[in-house]
Amino acid sequence: MIEMEIREPLLEVRNLSLSYEEQSIINNISFSINKGEKLLLLGPSGSGKSSLALCLNGLIPNSIEGDRTGSIKYAGKEIQSYKPGQLSSRIGVVFQDPDSQFCMLTVEDEIAFGLENIKLPKEEMIRKIEWSLSLVGLEKYRQAHISTLSGGMKQKLALACVMAMEPELMILDEPTALLDPVATKDFAETIDRLQREMNFSLIVIEHKLDYWVPFIDRTLVFTQSGQLMYDGSLKKGLVHHFDNMKDLGIYLPKVTGFGQQVKENFYPLTMDELMEELNEINLSPPIQTMNVFSSTPLIQMKHVSFSRGEKQILKNIHLSIKKGEWTAIVGPNGAGKSTLTLMLAGLLKEQQGEIFYGNKLFKDLDEKVRLDSIGYVFQNPEHQFIADTVFDEVAFGPRMKKIEDIDSKVANILSDFRLLRLKDHNPFILSQGQKRRLSVATMLVDEREFLILDEPTFGQDEKATNEMMKMIQSRVNFGMTALMVTHDMEIVAEFAHQVIVLVEGEVVFQGTPYELFIENSEIVEKANLENPLLYSIWNTYGIRGEPIAASVIKS
Amino acid sequence: MSKWSLREIVVMSVLGIVFAIVYLLFTQVGNIFFGLVGPIGYEPIFGIWFIVSIIVANIIRKPGAAVLAETIAAFVEILIGNAVGPRLLISGMIQGLGAEVVFAATGWKRYSTWVLMLAGVGSAIFSFAWGYFISGFATLSPSYVLSMLAIRMVSGALLAGLLGKYISEGLAKTGVLNGMPLGKEMKKRKVA
Amino acid sequence: MRLQLLNPSIKAMVVLVSVVLLAFVFDPLTPLLYLSFTVLITFLFGKVGMKKWCIRFVPFFIIAFGYVWTTTIFSNPPSNTSFVTYAKLGPFEITDYGLNTGLALGLRVLCFAALSLMFILTTDTTKFMLSLIQQCKLPPKLAYGILAGYQFLPLLKDEFTIIRNAHRIRGVHWEKGIKGRIQLLKKYTIPLLASAIRKAERTAIAMESKGFTGSRDRTFYHELKVSGKDMLFFLLMVGIFIISKYVSETI
Ligand SMILES: Nc1ncnc2c1ncn2[C@@H]1O[C@H](COP(=O)(O)OP(=O)(O)OP(=O)(O)O)[C@@H](O)[C@H]1O
Ligand SMILES: Nc1ncnc2c1ncn2[C@@H]1O[C@H](COP(=O)(O)OP(=O)(O)OP(=O)(O)O)[C@@H](O)[C@H]1O
Ligand SMILES: [Mg+2]
Ligand SMILES: [Mg+2]
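Residue numbers (the numbering used here), protein chains in the order written: chain A, 4 to 558; chain B, 300 to 491; chain C, 382 to 632.
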């Protein structure tokens, strides 16, 4: 009791509620964070996590409109009583959307901007800029224009800008959603290292939490309606609330999920913990191949190349996708995956080589026929939107085709994607995850022969990911051909018939997931991938020389 | 300036930039007409050069919106390379001022269709006076000069006033202006 | 002296002063001389690429030409001047007065163009804005607001492609030709502007989250000063104007 009084929390939130235009988002939450503490914030998509981040540094209600009640105290003082700009140097936020956090043209000017605001002298600034760039490995890009950086690099720059100001509290809102697995791991490790050096407090908002688990002190769990369901250590939370958390639809550590399937009351947090228990348990090998019904190719690329200016982005691509097949394209950030898929959708013209659709050349195909048979979900969900409300957005395609019963069809898919409540909202004010779901819904409602999805599941909670995959699967079962770019190896292993690995604009592998993860580990490494959990376990078994039994535990 | 929020300033400047490009494109069209039929070739499309002041004034509804927006558009036009150069900045300011005077006369309170069209005419008159001085219209015959002015005024009312109203309200319908005075007013109108 | 190293605000002021001075000139020789000097200085001290300069300069011949021929035909000599008539075409007269004024106006346009090219091609936008804050006391809120908007410029074309693709992929496609173009323009104007506004608001929020308040009380990573060289440049350009005017009057 006495100890608690001495140690005043850095940030103290009491009975905070938030609503946008009468719609309640955050409901009466209270928590606090001490100096140097590391918090993980979990919650289903749309539960108000990003909104909370905006409240904590005062952007709501100062710059973004919203009705906030309750109290937020920073270092013992209400945040409204800080002068404008004062708080921003002490609380740093890396936002969810990498494209909307910069205001200058070049990398160094962007970092300098924040430092100028806190009136650092010039010499100091130069030192800080060099230091913060070296932290995130962007030294070489000091003079680069921000618009030429890839999504992942922008995310790192955003971190550097915030680090340079040496905040006492750092809030990261899904900083790795768009990064490839290796970059994600590196990012989490960089944060860990910096935190040790500088001892700032940390709040991480993240759906894919696996890499953060090792060094997080406390976990907060939000419910769908913006209430705080749990505040404490992750382990304890899992032990006591596993089912509740699962019901919320949030991701839990992969190993924990696996542990739960093999043994009751077993909540491992690390691979080692899991493997220890798995010693005596029989494990089935991953599935080798999945059946594809047809063998006729739907789309083929031959000798396709593409350049932007001097830079060659795709080099001599050959690939073939069969009718009814579900293909995953994977590879490091900047490998050219999006470029490749844009070309397959006919939105970008190949500069060399040929693309066949069925047995016709792409360019001989009637534009209208092509656009009606190929669907595309853009990597940036906002690129999809053309209507002013969520409902109209989904109804757009069906209305063009003048099919019957549009209202109920649209309502169905909206409710499957937890968007029905938002049907009159503008697509652009949705949460990141909701935007993503909406963009996928617009294409799923529009039945097309061939559907291309560029990272359909990023920023999604587990429930939404599963829902989405099931919907695609049911369409594939009815003969649709699907192609998806993803950084999530779990869904590749579970759903894809074939995988194409792209590295630096070249196809380095085309085959089944089994062939990739079991037989081509050097490619997995080269392409910044990681093994899906089942395969990692399998590989570890192989190394240990354990007996391999054949009973099935995979659900 | 302190009464303006940063958000309003950036929105204004972005609109200024988009229209700077539109202006540049129209300059090319205008130049061709100009080369063919002389100064009067510009007049029928002259109103387009006032549109940003009308749009921004209608959206933000604060003193200075028209002048500032038009000045920024001119400024950006210079930066991206309209070689007419610095005098454009003054032209922009004066055009904006013409519209601003009309808004000021209503106490920056009324933004009806007529006011917006009048603002377009205001820009036309102000810009004409300036053109008279800088481009040496004084040397042209009076009837020619008068017909230029008449055409420009009509163009200002239609291409700036009416089109500006149409575009700003179209924007408000998309919901991006919800935080701005025009968006708020449109919402009120919708509820009522 | 390198034009690139001069203070941008001073450079802008020099150009403005020159423009105003030229507006009072109605003889062809002064602008011709001033034009030649300006071009000379641009290449000598600005090290501007010839091709880059020409591409932007050449279109102004069209305007200049427009001025020359219309003024020549439509000009209205003040009653107290004497003039020589070269030719008569119906109601129009071509006089030496008209031709002279036409040439003067045409050359004036070219002069304006050369002056502003001298500025644009040797000035960095960010530095210019910073100098406007530091030397001309432009409110930082406004200057940074403009700068933030300015960085969208290269993105605008991408934005257009994005909107076009979004429509295409939903099965909307336009007829070819002029009609399709107009349809397209109508459909895209609002989305394009809407997305620009949306980006603008986000940028404003990003700036505020980095502690920007618009206060003048801030330090600068790029500090811009006014030096003797700037003054020298100012005097040089005004001096050239006086010489040009003098020469043209004495001839
Ligand atoms: N400016 C706004 N106006 C109105 N509603 C908004 C606004 N911003 C967000 N919302 C709504 O508030 C809710 C919470 O959004 P928020 O972005 O905080 O969710 P989130 O938990 O971060 O979700 P995700 O994991 O998908 O990013 C969503 O339902 C969203 O539609
Ligand atoms: N509009 C553009 N202009 C210039 N370069 C671009 C553009 N779009 C992409 N690039 C470059 O092309 C390369 C491939 O980009 P692409 O978006 O296809 O990568 P990706 O594999 O989809 O990466 P990620 O996993 O990050 O989405 C990158 O190096 C990128 O910098
Ligand atoms: Mg979020
Ligand atoms: Mg991509």
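All C-beta atoms, glycine included, are put in the ideal place defined by N, C-alpha and C.
Taking a C-beta distance under 7 Å as the contact criterion, C:Thr452 and C:Leu486 qualify as a contact pair. Bridge partners of C:Thr466 according to DSSP: C:Thr476. A straight line joining the alpha-carbon of C:Thr482 with that of B:Thr438 spans about 8 Å.
When CB distances to chain A are screened at a threshold of 8 Å, the residues of the stretch 582-596 of chain C falling below it are Arg583, Thr584, Ala585, Ile586, Ala587, Met588, Glu589, Ser590, Lys591, Gly592, Phe593, Thr594 and Ser596, in chain order.
Taking 7 Å as the threshold, the shortest C-beta distance from A:Glu353 to chain B does not fall below it. In the three-state DSSP reduction, A:Met107 falls in the coil class, being neither helix nor strand.
At least one CB of chain A lies nearer than 7 Å to the CB of B:Gly474. For the pair C:Leu402 and A:Ser137, the Cα-to-Cα distance works out to about 52 Å. A:His386 reaches chain C at Ile543, Asn546 and Ala547, counting residues in chain order whose Cβ is nearer than 8 Å. Taking a C-beta cut-off of 9 Å against chain A, the contacting residues of the stretch 305-327 of chain B are Leu305, Arg306 and Val309, listed in chain order. Residues of the stretch 56-81 of chain A with a C-beta less than 9 Å from any C-beta of chain B: Ser66, Ile67 and Glu68, listed in chain order. Under the 7 Å criterion on CB atoms, C:Ile514 is classed as non-interfacial with respect to chain B. Neighbourhood of ligand 2, defined by CB distance below 5 Å to any of its heavy atoms: A:Ser153, A:Gly154, A:Arg311, A:Ile316, A:Asn336, A:Gly337, A:Ala338, A:Gly339, A:Lys340, A:Ser341 and A:Thr342, in chain order. Annotated three-state conformation of A:Leu181 is coil, per DSSP. Under the three-state reduction of DSSP, A:Phe98 is assigned to coil, being neither helix nor strand.
Listed in chain order, the beta strand (DSSP E) runs fully inside the stretch 320-393 of chain A are 329-333, 355-360 and 377-380, counting runs of at least 3 residues.
A:Phe98 sits away from A:Asp189, with the two beta carbons spaced by 7 Å or more. If you look at A:Asn60, you'll find it isn't in any beta strand (DSSP E); DSSP assigns it neither H nor E. Here the distance from the Cβ of A:Gln513 to the nearest heavy atom of ligand 4 is not below 6 Å. Interface criterion not met: the Cβ of C:Gly561 is under 7 Å from no Cβ in chain A. Contact fails between the stretch 363-379 of chain A and the stretch 413-431 of chain A, because fewer than three Cβ pairs, one in each stretch, are under 8 Å apart. The C-beta distance from A:Val448 to A:Ile416 rounds to 5 Å, short enough to fall under 8 Å. Contact of C:Pro409 with chain A by beta-carbon distance below 7 Å is absent, the smallest such distance being about 42 Å. Residues are counted here when their Cβ sits less than 7 Å from a Cβ of chain A; for the stretch 474-505 of chain C the count is zero. Contact between B:Met479 and B:Ile350 does not hold, since the beta-carbon distance rounds to 18 Å and is not under 8 Å. Relative to the non-hydrogen atoms of ligand 3, the Cβ of A:Gln99 comes within a distance shorter than 6 Å of at least one. Taking a C-beta distance under 7 Å as the contact criterion, B:Val310 and C:Ile578 qualify as a contact pair. In this chain, the alpha helix (DSSP H) harbouring A:His244 covers Leu237 to Leu251. Residue-level contact by beta carbon holds for A:Val96 and chain C, with a gap shorter than 7 Å. Inter-segment contact for the stretch 450-468 of chain B and the stretch 325-343 of chain B is present: three or more beta-carbon pairs are separated by less than 8 Å. Check the Cα spacing between C:Tyr569 and each of C:Lys538, C:Ser629 and C:Ala581: the tightest is with C:Lys538. By the Cβ criterion, the stretch 26-34 of chain A is not in contact with the stretch 393-409 of chain A, since fewer than three pairs of Cβ atoms, one from each stretch, lie closer than 8 Å.
Pairing A:Gln104 with B:Ala319, the inter-Cα distance amounts to about 24 Å.
Chain-order list of chain C residues neighbouring A:Ile219: empty, with the shortest C-beta distance near 24 Å, by a criterion of under 8 Å.
A contact between stretches requires three or more CB pairs, one per stretch, nearer than 8 Å, and the stretch 165-175 of chain A meets this requirement with the stretch 200-214 of chain A. Among the CB atoms of chain A, one or more fall inside 7 Å of the CB of B:Gly478.
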